[in-house]
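Novice: Got a structure here, written out as structure tokens. Questions coming.
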Amino acid sequence: MTQAANLGGLLLRITIVTQYWPGEAVPRDPGDARSPGPPSGLAAQIALVARGDAAAFDAVFEQIGPSVFGVVKRVIRDPAQSEEVTQEVLLEVWRSASKFDAGRGSATAWVMMLAHRRAVDRVRSVQAEAERERRVATADIPFDEVIEAVESSLDRERVRRCLNSLTEVQRESVTLAYYRGYTYGQVASLLGVPTGTVKTRMRDALIRLRDCLGVAE
Amino acid sequence: MRKLTRASQRDEHTLAGAYAMDAISAPDRERFERHLAGCQECAQEVTSLREATALLGTAAAEALPAGLKERVMAAAAVTRQQPPADEAITEPHARTARASARASASARAIARAKVGSWLRSLTWPGRLVLATAGAAAAAVLVIAVVFGVANGSMQQQLDQAQTSSQQIAVVLTAHDAVMTTGPVTGGGTATIVMSHARHALVFTAQGLRTLPASRGYELWLIGPAGTRPVAMLPAGRHGMTGPVIASGLRQGDHLALTDEPASGSAHPTTPMMLDMAL
Numbered sequence: 025m026t027q028a029a030n031l032g033g034l035l036l037r038i039t040i041v042t043q044y045w046p047g048e049a050v051p052r053d054p055g056d057a058r059s060p061g062p063p064s065g066l067a068a069q070i071a072l073v074a075r076g077d078a079a080a081f082d083a084v085f086e087q088i089g090p091s092v093f094g095v096v097k098r099v100i101r102d103p104a105q106s107e108e109v110t111q112e113v114l115l116e117v118w119r120s121a122s123k124f125d126a127g128r129g130s131a132t133a134w135v136m137m138l139a140h141r142r143a144v145d146r147v148r149s150v151q152a153e154a155e156r157e158r159r160v161a162t163a164d165i166p167f168d169e170v171i172e173a174v175e176s177s178l179d180r181e182r183v184r185r186c187l188n189s190l191t192e193v194q195r196e197s198v199t200l201a202y203y204r205g206y207t208y209g210q211v212a213s214l215l216g217v218p219t220g221t222v223k224t225r226m227r228d229a230l231i232r233l234r235d236c237l238g239v240a241e
Numbered sequence: 062m063r064k065l066t067r068a069s070q071r072d073e074h075t076l077a078g079a080y081a082m083d084a085i086s087a088p089d090r091e092r093f094e095r096h097l098a099g100c101q102e103c104a105q106e107v108t109s110l111r112e113a114t115a116l117l118g119t120a121a122a123e124a125l126p127a128g129l130k131e132r133v134m135a136a137a138a139v140t141r142q143q144p145p146a147d148e149a150i151t152e153p154h155a156r157t158a159r160a161s162a163r164a165s166a167s168a169r170a171i172a173r174a175k176v177g178s179w180l181r182s183l184t185w186p187g188r189l190v191l192a193t194a195g196a197a198a199a200a201v202l203v204i205a206v207v208f209g210v211a212n213g214s215m216q217q218q219l220d221q222a223q224t225s226s227q228q229i230a231v232v233l234t235a236h237d238a239v240m241t242t243g244p245v246t247g248g249g250t251a252t253i254v255m256s257h258a259r260h261a262l263v264f265t266a267q268g269l270r271t272l273p274a275s276r277g278y279e280l281w282l283i284g285p286a287g288t289r290p291v292a293m294l295p296a297g298r299h300g301m302t303g304p305v306i307a308s309g310l311r312q313g314d315h316l317a318l319t320d321e322p323a324s325g326s327a328h329p330t331t332p333m334m335l336d337m338a339l
């Protein structure tokens, strides 16, 4: 309880102190992520990539590359490793473009899933041992860095607003899981709450985010 | 009893959020995916939650480091793409087997089955690495299986194929990888992706003239450190040759290509058809 209150204070402070984040003027595909229905620009490009179209791959890069790098770096932190994983992810987009199925979500969601999952897998394989010990020892995670990532981005007012609509504990769970790459079990152990509670929080939080962001169901 | 089942299903269902954020251990992920396969409602929910998490990701977008795009584009140029069908992994290698005219039909069938199941048993990164290396590694595998190489030695061949694939992947994704192309005398274009940091390069060529069976293309590193044979190029497929890795690059090296007896030479015996400063 005390911990939650402290976190609340920290979050509030960080929300007020908005920081400049380098490299934030990034173009991104505005429509795609919200519309899993008709094929958007990115989905159409990926269909062309599946046929070996290098120009389309270039276009995919322009559209989603910065997002891939951003999320990978948020999870991995180390710039060199992040760059490596970003390359692997984008090369995988090239390689497995034919596996993208527009009927099962947007192209943005597909690429971001590849990116996030790979980043998380990298972090977990590297840190598996060390992390298990550390997560018990250090309760004082730099939440500021996590929140900062979202709070400071210019183009992301909507995401920021929706994250703010979450309860304190929901937001914690989402940021720890998504931006730090922790499992729900690790989050539960960090926050000192039962795993069942964390699972519920994560699902409730994402449902609320989804509804706030206007993602089609 | 019934109540319990429903309760455990509900419990399973709450994993949708954690799953959509990859906040789940590998065994849990597998278990939940089995659950998803039989629960359309859950699958729909996961899809919609993934859209929300994707926005969390795009919100973190950051300008790409210089050169990253060029490196990936260069790697893509020599990376085989997966075909859409389910036969994705086995089919191209089966084709390689067919190309091996000396193998009997039944041997080919065995090769296809064995290579296929071996490939399916690979973990995902293994597949990527293998696909990156493309034909070269696959050819070694197929030859090993088709000609029934004894077990120990076959394992060795597989290890070699995998090592070479990994080396290739390492170069292609190296921080300082650069791509260069150059014309080959007598026809064709050579493309190399080189990493000075890794002291290695990956060589591929398009449209090389087909040589008589008794001859082959040999790749060389030539420089102050001497003339070193790199490898005999494998036979081209669909006009593409390679990829072949050349490691141990030294300062001042050139990459050269000559026409040599199929068994290879210790020193170039014919004029250079390619001479690229590295």
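So the protein lines, in turn, are chains A and B. When you read off a place in the first sequence, starting at 1, and then add 24, the result is the number in my numbering. When you read off a place in the second sequence, starting at 1, and then add 61, the result is the number in my numbering. We treat Cβ as the ideally placed atom computed from N, Cα and C, and that holds for glycine. In this text the structure is predicted, and so the values were computed from the model without any measurement.
#1: Are the C-beta of A:E196 and some C-beta of chain B separated by less than 8 Å?
#2: Whose Cβ in chain B lies nearer than 7 Å to the Cβ of A:R227?
#3: In the DSSP assignment, what are the bridge partners of B:F264?
#4: Check the DSSP bridge columns for B:G287 and list the partner residues they point to.
#5: Alpha carbon to alpha carbon, how far is A:T207 from B:A327? Give it in angstroms, no decimals.
#6: Mapping DSSP to helix, strand and coil, what is B:D336?
#7: Per DSSP, which one or two residues make a beta bridge with B:L316?
#8: Taking only beta carbons into account, state which residues of the stretch 107 to 124 of chain A come closer than 8 Å to chain C, listed in chain order.
#9: Decide yes or no for the touch test of the stretch 68 to 81 of chain A against the stretch 117 to 124 of chain A: beta carbon pairs closer than 8 Å, at least 3 of them.
#10: Just verifying my parser: in three-state terms, what is the DSSP assignment at A:A68?
#11: With 8 Å as the threshold, decide whether the Cβ of B:P144 is near any Cβ in chain A.
#12: What residues from chain B crowd round A:L237, counting only those whose CB sits closer than 7 Å?
#13: How is the alpha helix (DSSP H) around B:G118 delimited, first residue to last?
#14: Under 9 Å, CB to CB, which of the residues in the stretch 117 to 142 of chain B have a partner in chain A?
#15: If you draw a straight line from the alpha carbon of A:V99 to that of B:A115, how long is it in whole angstroms?
#16: Ordered along the chain, which non-local residues of its own chain (more than five positions away) have a Cβ less than 7 Å from that of A:R234?
#17: In this structure, what does DSSP give as the bridge partners for B:E321?
#18: Mind checking whether B:T271 and B:L335 have CB atoms under 8 Å apart?
#19: Less than 8 Å between CB atoms is the rule here; does A:T191 satisfy it with respect to chain B?
#20: Which whole-angstrom value is the C-beta distance of B:T252 and B:T242, which I expect to be below 8 Å?
#21: Return the bridge partner residues of B:A292 from the DSSP annotation.
#22: Which residue wins for smallest C-alpha separation from A:E192, given the options A:V144, A:M226, A:A143 and A:D145?
#23: Spell out whether any CB of chain B is found under 8 Å from the CB atom of A:S213.
#24: Expressed to the nearest angstrom, what Euclidean distance is found between the alpha-carbon atoms of A:G209 and B:A258?
#25: Classify B:G118: buried if its beta carbon has 16 or more other beta carbons within 10 angstroms, exposed otherwise.
#26: If we cut at 8 Å on Cβ distances, does B:T108 have a partner in chain A?
#27: In terms of residues, what are the limits of the alpha helix (DSSP H) holding A:G220?
#28: Can you confirm whether B:S82, when its beta carbon is compared against all beta carbons of chain A, has any partner nearer than 8 Å?
#29: For B:T340, report the span of its beta strand (DSSP E) as first-last.
#30: Cutting at 8 Å between CB atoms, please list the residues of its own chain near B:V232, excluding the five before and the five after it.
#31: By the criterion of Cβ-Cβ separation under 8 Å, what are the contact partners of B:S86 in chain A?
#32: Where B:V291 and A:E107 are concerned, what is the direct C-alpha to C-alpha distance, given to the nearest angstrom?
#33: Strictly by DSSP, which residues pair up with B:R298?
#34: With 16 other CB atoms within 10 Å as the buried threshold, where does B:R311 fall?
#35: At the level of alpha carbons, what is the spacing between B:H96 and B:P304?
Specialist: Let me spell this out:
#1: In the first sequence, residue 196 of chain A corresponds to position 172, counting from 1. A:E196 does not count as touching chain B.
#2: Here residue 227 of chain A is taken as the residue at index 203 of the first sequence, counted from 1. The answer, in chain order, is T75, A77 and G78.
#3: Within the second sequence, the letter at position 203 stands for residue 264 of chain B. The partner list for B:F264 (beta bridge, DSSP) reads B:I253 and B:V305.
#4: In the second sequence, the residue the question calls residue 287 of chain B occupies position 226. DSSP, once it has assigned bridges, lists B:G284 as partnering B:G287.
#5: Residue mapping note: residue 327 of chain B aligns to position 266 of the second sequence, counting from 1. Residue mapping note: residue 207 of chain A aligns to position 183 of the first sequence, counting from 1. So the alpha carbons of these two residues sit roughly 56 Å apart.
#6: Residue 336 of chain B sits at position 275 when you count from the first residue of the second sequence. Three-state result, B:D336: strand.
#7: Residue 316 of chain B sits at position 255 when you count from the first residue of the second sequence. BP columns for B:L316 point to B:L282 and B:M337.
#8: Judged by its chain identifiers, the structure shown contains no chain C, and its protein chains are A and B.
#9: yes
#10: Locating residue 68 of chain A in the first sequence gives position 44, counting from the first residue. Reduced to three states, the DSSP call for A:A68 is helix.
#11: For the purposes of this step, residue 144 of chain B is identified with residue 83 of the second sequence, where counting begins at 1. Taking Cβ atoms only, chain A reaches closer than 8 Å to B:P144, which makes this a yes.
#12: As a first step, residue 237 of chain A is located in the first sequence; it is residue number 213 there, counting from the start. Here the neighbours are A113 and L116.
#13: Here residue 118 of chain B refers to the residue found at position 57 of the second sequence. Looking at the DSSP string, the run of the alpha helix (DSSP H) that includes B:G118 is Q101 to T119.
#14: L117, G118, T119, A120, A121, A122, E123, A124, L125, P126, L129, K130, R132, V133, M134, A136, A137, A138, T140, R141 and Q142
#15: If you number the first sequence from 1, residue 99 of chain A lands on position 75. If you number the second sequence from 1, residue 115 of chain B lands on position 54. If you take the alpha carbons of A:V99 and B:A115, they lie about 14 Å apart.
#16: By 1-based counting over the first sequence, the position of residue 234 of chain A is 210. Excluding positions up to five away in sequence, the list is empty.
#17: Translated into the one-based positions of the second sequence, residue 321 of chain B becomes position 260. Beta-bridge pairing links B:E321 to B:G277.
#18: In the second sequence, the residue the question calls residue 271 of chain B occupies position 210. In the second sequence, the residue the question calls residue 335 of chain B occupies position 274. Not a contact, by the Cβ cut-off of 8 Å.
#19: Here residue 191 of chain A refers to the residue found at position 167 when the first sequence is read from its first residue. Output row for A:T191: interface = no.
#20: Residue 252 of chain B sits at position 191 when you count from the first residue of the second sequence. Residue 242 of chain B sits at position 181 when you count from the first residue of the second sequence. The Cβ separation is near 5 Å, so the contact holds.
#21: For the purposes of this step, residue 292 of chain B is taken as residue 231 along the second sequence, with counting starting at 1. DSSP lists B:L280 as partners of B:A292.
#22: In the first sequence, the residue the question calls residue 192 of chain A occupies position 168. The shortest Cα separation from A:E192 among A:V144, A:M226, A:A143 and A:D145 belongs to A:M226.
#23: Numbered from its first residue, the first sequence carries residue 213 of chain A at position 189. For A:S213, the answer is no, since every Cβ of chain B falls outside 8 Å of its Cβ.
#24: In the first sequence, residue 209 of chain A corresponds to position 185, counting from 1. In the second sequence, residue 258 of chain B corresponds to position 197, counting from 1. Whole-angstrom Cα-Cα distance: 40 Å.
#25: Within the second sequence, residue 118 of chain B is the residue found at index 57, counting from 1. By the neighbour-count rule (16 or more Cβ atoms within 10 Å), B:G118 is buried.
#26: Sequence index remark: in the second sequence, residue 108 of chain B carries index 47 (1-based). Cβ-Cβ to chain A under 8 Å: yes for B:T108.
#27: Working through the first sequence from its first residue, we reach residue 220 of chain A at position 196. T219 to L237 is the extent of the alpha helix (DSSP H) around A:G220.
#28: Start at 1 with the first residue of the second sequence, and residue 82 of chain B comes out as number 21. Checking the sequence shown, residue 82 of chain B turns out to be Met, not Ser. So, interface residue.
#29: In this structure chain B extends from 62 to 339, so residue 340 of chain B is not present and cannot be described.
#30: The residue given as residue 232 of chain B occupies position 171 in the second sequence. Once the five neighbours on either side are set aside, the close Cβ partners of B:V232 are A238, V254, M255, S256, R259, A261, L262, V263 and I306.
#31: The residue you call residue 86 of chain B lines up with position 25 of the second sequence. Result: T207 and G209.
#32: Locating residue 291 of chain B in the second sequence gives position 230, where the first residue counts as 1. Locating residue 107 of chain A in the first sequence gives position 83, where the first residue counts as 1. Looking at the two C-alpha atoms, the distance is approximately 30 Å.
#33: Taking the second sequence and counting its residues from 1, the one referred to as residue 298 of chain B is at position 237. Note: B:R298 sits in a beta bridge opposite B:M301.
#34: Walking along the second sequence from the start, residue 311 of chain B turns up at place 250. With fewer than 16 other Cβ atoms within 10 Å, it is exposed.
#35: In the second sequence, residue 96 of chain B corresponds to position 35, counting from 1. In the second sequence, residue 304 of chain B corresponds to position 243, counting from 1. Their backbone Cα atoms lie some 42 Å apart in a straight line.
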